[in-house]
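Q:
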Amino acid sequence: YTIKKAEYLLSAAWTSQWPDESLPEVVLAGRSNVGKSSFINTITNVSGLAKVSGTPGKTRTLNFFNVNDELRLVDVPGYGYAKVPQKMIEQFAEMIDVYLTKRNNLKGMVLLVDYRHPPKEDDINMYQYAKYYDIPVIVVATKMDKLKMNELKPHEERIKRDLDFDENDTFIRFSSLKKKGVDETWDTILHLTGL
Ligand code: GDP
2 YTIKKAEYLL SAAWTSQWPD ESLPEVVLAG RSNVGKSSFI NTITNVSGLA
52 KVSGTPGKTR TLNFFNVNDE LRLVDVPGYG YAKVPQKMIE QFAEMIDVYL
102 TKRNNLKGMV LLVDYRHPPK EDDINMYQYA KYYDIPVIVV ATKMDKLKMN
152 ELKPHEERIK RDLDFDENDT FIRFSSLKKK GVDETWDTIL HLTGL
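First residue of the sequence shown: 2, per the UniProt record's numbering; consecutive thereafter.
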């Protein structure tokens with residue numbers, strides 16, 4: 002997939018600020034520090050598109066990115082960050098809930114998990130939530146470069162087992178550092194979006 006254009010569109014704190022539903026969207030979820038900003042920059046080939054590691058998990062908005070005027074990536078701020086007041090967590094969880102259940106042009110979720118570790122409860126909940134609502138998921142296992150070759154398969158199996166991974170979904174071994182998994186990611190996103 003050739004990226005001719007990738008640009009930040011807007012950040013929405015309220016549903017009224019969401020762009021229209023004319024383009025297919027893929028939502029990106031994952032714990033703070035999993036490598037989500039790096040992932041966005043790597044797959045779009047625009048360094049600094051999603052700024053890497055500001056204050057983790059602080060921005061409580063959905064961030065929309067336009068790719069080739071054909072599809073949108075929708076960044077959900079990283080979860081699992083303790084310093085956000087409970088009230089904000091609840092309000093934001095409700096907005097994500099509305100987005101995931103009501104958005105007509107939502108085609109799938111990219112769930113980023115750290116390849117080095119078993120998924121955390123938050124990751125499992127997010128995956129199961131998507132499965133409950135029949136949202137296809139691309140599980141992107143980040144920081145693959147930090148594992149030894151012989152660790153790749155057992156770690157993949159552990160992550161799949163803990164998530165209760167649906168074999169209709171896709172698991173991608175990814176590294177922003179080594180630019181691994183980029184083509185496979187786009188192939189899967191294009192398949193989901195019907196492009
Ligand atoms: P975010 O909080 O999920 O947006 O994560 P960031 O993209 O800011 O990355 C968090 C940290 O992990 C940063 O120090 C990155 O340099 C590092 N990181 C991200 N992707 C990779 C990767 O593929 N390999 C390695 N080794 N480090 C990575």
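Cβ coordinates follow ideal geometry from the N, Cα and C atoms, glycine included. Small disclaimer: the values here were computed from a predicted structure and weren't measured.
1. With DSSP run on the structure shown, which of helix, strand or coil describes N42?
2. At a threshold of 7 Å, does K147 count as lining ligand 1 (C-beta to nearest heavy atom)?
3. Can you give me the Cβ contacts of N64 inside the same chain, cut-off strictly under 6 Å, excluding the 5 residues immediately before and after it?
4. For L148 and E26, I'd like the C-alpha separation in whole angstroms.
5. Nearest-angstrom Cα distance between V111 and S39?
6. Return the chain-ordered list of same chain residues with a C-beta closer than 7 Å to the C-beta of I4, the five sequence neighbours on each side being excluded.
7. Excluding the 5 residues flanking V138 on each side, which residues of the same chain have their C-beta closer than 7 Å to its C-beta?
8. Tell me which same chain residues have a C-beta within less than 8 Å of the C-beta of I41, skipping the five on either side of it?
9. Please name the residue in R117, E71, V99, I136 whose C-alpha comes closest to that of W15.
10. Take every Cβ of the region 144-160, pair it with every Cβ of the region 183-192, and state whether three or more of those distances are shorter than 8 Å.
11. Under the three-state reduction of DSSP, which class applies to S12: helix, strand or coil?
12. Leaving aside the five residues before and after S17 along the sequence, list all residues of the same chain whose C-beta is less than 8 Å from its C-beta, in chain order.
13. List the residues that DSSP assigns as beta-bridge partners of V99.
14. Under 6 Å Cβ to Cβ from D124, same chain only, skipping five residues before and after it: list those, please.
15. In the region 99-130, which residue ranges form an unbroken beta strand (DSSP E) of at least 3 residues, counting only runs that do not cross its ends?
16. Determine which residues share a DSSP beta bridge with Y80 and list them.
17. Starting from V141, trace the beta strand (DSSP E) in both directions and tell me its first and last residue.
18. Just how far apart, CA to CA, sit G79 and P120?
A: This is what the structure gives:
1. Indexing the sequence shown from 1 puts residue 42 at position 41. In the structure shown, N42 sits in a helix (DSSP, three-state: H, G or I).
2. Position 146 of the sequence shown, counted from the first residue, corresponds to residue 147. Checking every heavy atom of ligand 1 against the Cβ of K147, one is found closer than 7 Å.
3. Position 63 of the sequence shown holds residue 64. Taken in chain order, the residues that qualify are S12, D76.
4. Within the sequence shown, numbered from 1, the residue matching residue 148 stands at position 147. Within the sequence shown, numbered from 1, the residue matching residue 26 stands at position 25. Going by the C-alpha atoms only, they are around 31 Å apart.
5. To locate residue 111, count along the sequence shown from 1; it is residue 110. To locate residue 39, count along the sequence shown from 1; it is residue 38. The alpha-carbon atoms of V111 and S39 are separated by roughly 14 Å.
6. Position 3 of the sequence shown, counted from the start, is the residue given in the question as residue 4. T45, N46, V68, N69.
7. Along the sequence shown, read from residue 1 onward, the residue named residue 138 stands at position 137. Counting only Cβ-Cβ distances below 7 Å, and skipping sequence neighbours, we find G109, M110, L112, Y128, A131, D170.
8. The residue given as residue 41 occupies position 40 in the sequence shown. Cβ within range, chain order: L29, L50, A51, F66, L74, D76.
9. For this step, residue 15 is matched to residue 14 along the sequence shown. Of R117, E71, V99, I136, the residue nearest in Cα terms is V99.
10. no
11. In the sequence shown, residue 12 corresponds to position 11, counting from 1. Three-state result, S12: strand.
12. Within the sequence shown, residue 17 is the residue found at index 16, counting from 1. Excluding positions up to five away in sequence, the list is empty.
13. As a first step, residue 99 must be located in the sequence shown, where it is residue number 98. Per DSSP, none; premise fails for V99.
14. Sequence index remark: in the sequence shown, residue 124 carries index 123 (1-based). Cβ within range, chain order: V114.
15. 107-115
16. Locating residue 80 in the sequence shown gives position 79, counting from the first residue. DSSP lists R32 as partners of Y80.
17. As a working mapping, residue 141 is identified with position 140 in the sequence shown. Segment 138-143, the beta strand (DSSP E) holding V141.
18. Your numbering for residue 79 matches position 78 in the sequence shown. Your numbering for residue 120 matches position 119 in the sequence shown. Looking at the two C-alpha atoms, the distance is approximately 14 Å.
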